[in-house]
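**Student:** Following this message is one structure expressed as C-alpha cells.
Protein chains: 2
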Amino acid sequence: MRTLTIEPLTAQAFAPFGEVIEAEGREFFLINNGSTRRYHRQAEVQTSGADDAAIISLFHATALPMPLTITMLERHPLGSQAFMPLNGQPFLIVVAAPTEQLHGDQLRAFLSNGRQGVNYRKGVWHHPVLCLADEDDFLVIDRAGPGANCDEHFFPEAEQCLLDPASIHRG
Amino acid sequence: MRTLTIEPLTAQAFAPFGEVIEAEGREFFLINNGSTRRYHRQAEVQTSGADDAAIISLFHATALPMPLTITMLERHPLGSQAFMPLNGQPFLIVVAAPTEQLHGDQLRAFLSNGRQGVNYRKGVWHHPVLCLADEDDFLVIDRAGPGANCDEHFFPEAEQCLLDPASIHRG
C-alpha cells in the first residue's frame, strides 16, 4: 500500500485545492489607527444558490488511530469549507483535486503547523478532519442551503493509501 | 464619565447585537463516524448584494492603553463581521444596537473568555478590536463588495464612556 508523502502546507502547493489561511509571510494593511494588521481575504466562502448561506460552526474532533488507511474521501459540490485550528495544534489534510474519476494515486497529504487553516474549494475531495492531538477544535466556515452537498467516494482496496504521521519529514 | 459595566458574554445578553460563537453548553451532532462533534451554525455571515462575497481574513491586534476612553464606534451597514480568537485569550467587546441616533448611554461591554467568538450583525455598532493581551490574533469573517461599508460615529465628550478591565466582576 502506498504511504502518502506528507508535505508542508504552503499556498503554492495547496493551490489546486483551495487557500491556506495564515498570517506568516503574507501581506497586510493597517487598520484601527495602526493598532491592527488586517491580513485581508485569505479565503472566500463559496456558495451556490440564492437561498444559500455562509455559516460559521465549531468542530470538536478526536484523533483517528494512526497510521490510518485512507479508505474514503468526501466532497461538497455546492460550497467551500474552511477549517481554522483554534488551539494552535498541527493537523493533517488529505485532498484530491475536483474530478468525477477519483483514484488513489491522486491523493496528496499536507501538514498544517497549527497556525494555518485551509479552505477547500467547491468540489475538492478531502478526508474528514484529521487532528494529530488527541482532541482538537476548529472553526468551520461552510455553506448551508437546499440540495445534497456531500458526496463520499470509497476506494477499492488496491487504491487505498496509508497516512503515517511518523513519515513527516521535518526539514 | 460613566464606567461601562463589563458583562460576561452570553448568547442571551449578546442577542441584540449578534451571535456568540462557542461550543460550551451548546447542542451538537456527531459527524465523521462519531469522531467529530459539529456545533452547527453558531452564526451566519450576512451580505447584501449579488456581487458581495463572504471572506475570511486574519487580524493581528495590539492592545490599546487601558483604561480606555471610548470615543467612537463603527458599524458595517452591508454585512456582518465575526471575530474568533485564535490564542484562547480573553478579549473585550463594546457594542450598541443598530440605530441612526447613537448615544453614549446605549453602549454595552462584554468579556469573552477566550473560547468565545462574536458575530456582529449588519449595522451593529462596535468598537474596533479590543484585545486584553499585549497582542492577539483573530479569524475574521465578513463581507467584501461594492459600496461604503464602514460608518464611524464619534461621541461628544459628555457621552464618552470609560472601559476599565480592572472593573471586571469575576463572579
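Chains as they are written, first to last, in the numbering used here: chain G, 1 to 171; chain Z, 1 to 171. The beta carbon of each residue, even a glycine, is placed where N, CA and C say it ideally should be.
Whose C-beta lies closer than 6 Å to the C-beta of Ala43 of chain Z among residues of the same chain, with five residues either side of it excluded?
**Tutor:** These residues qualify, in order along the chain: Glu19, Ile21, Ala82, Asn119.
**Student:** Please determine if the segment 27-40 of chain G and the segment 109-119 of chain G are in contact, where contact requires at least 3 C-beta pairs separated by less than 8 Å.
**Tutor:** Flag = no, the segment 27-40 of chain G and the segment 109-119 of chain G do not touch.
**Student:** Since Pro128 of chain G meets chain Z, which of its residues come closer than 9 Å, beta carbon to beta carbon?
**Tutor:** Within chain Z, the residues near Pro128 of chain G are Ile31, Asn32, Asn33, Ser35, Thr36.
**Student:** For Arg121 of chain Z and Thr47 of chain Z, which I take to be in contact (beta-carbon distance under 8 Å), what is that distance rounded to the nearest angstrom?
**Tutor:** Actually they are not in contact, since the Cβ atoms of Arg121 of chain Z and Thr47 of chain Z sit about 12 Å apart, beyond 8 Å.
**Student:** Run through the DSSP bridge pairs and tell me what Cys184 of chain G is partnered with.
**Tutor:** With chain G covering 1 to 171 only, the question about residue 184 of chain G has no answer from this structure.
**Student:** I'd like to know whether the C-beta of Phe155 of chain Z is nearer than 8 Å to at least one C-beta of chain G.
**Tutor:** Answer no: the Cβ-Cβ gap between Phe155 of chain Z and chain G never drops below 8 Å.
**Student:** What is the residue span of the beta strand (DSSP E) that Phe83 of chain G lies within?
**Tutor:** Looking at the DSSP string, the run of the beta strand (DSSP E) that includes Phe83 of chain G is 81-85.
**Student:** CA-CA distance, Cys150 of chain G and Val45 of chain Z?
**Tutor:** Cα to Cα, Cys150 of chain G sits roughly 21 Å from Val45 of chain Z.
**Student:** Between the C-alpha atoms of Trp125 of chain Z and His153 of chain G, what's the straight-line distance to the nearest angstrom?
**Tutor:** Cα to Cα, the separation comes out at about 46 Å.
**Student:** Can you name the residues that DSSP bridges to Phe59 of chain Z?
**Tutor:** According to DSSP, which records beta bridges pairwise, Phe59 of chain Z is partnered with G:Arg38, Z:Phe138.
**Student:** Starting from Asn13 of chain Z, follow the alpha helix (DSSP H) in both directions and report where the run begins and ends.
**Tutor:** Per the sequence shown, residue 13 of chain Z should be read as Ala rather than Asn. Looking at the DSSP string, the run of the alpha helix (DSSP H) that includes Ala13 of chain Z is 11-14.
**Student:** Looking at the structure shown, is Gly171 of chain G part of a helix, part of a strand, or coil, going by DSSP?
**Tutor:** The predicted position of Gly171 of chain G is uncertain, since its pLDDT is 48 and thus under 50; a value taken from the coordinates is nonetheless stated next. It is coil, neither helix nor strand.
**Student:** Evaluate Leu78 of chain G with the Cβ neighbour count: other Cβ atoms within 10 Å of its Cβ, from every protein chain shown; 16 or more gives buried, anything less gives exposed.
**Tutor:** The residue is buried, with at least 16 neighbouring Cβ atoms inside 10 Å.
**Student:** Just to confirm, is the Cβ distance from Ala23 of chain G to Leu58 of chain Z under 8 Å?
**Tutor:** Cβ atoms of Ala23 of chain G and Leu58 of chain Z: closer than 8 Å.
**Student:** Along the beta strand (DSSP E) that carries Pro146 of chain Z, what are the first and last residues, could you check?
**Tutor:** Neither: Pro146 of chain Z is in no beta strand (DSSP E) and is coded neither H nor E.
**Student:** Any Cβ of chain Z within less than 8 Å of the Cβ of Thr62 of chain G?
**Tutor:** Chain Z contact via Cβ: present.
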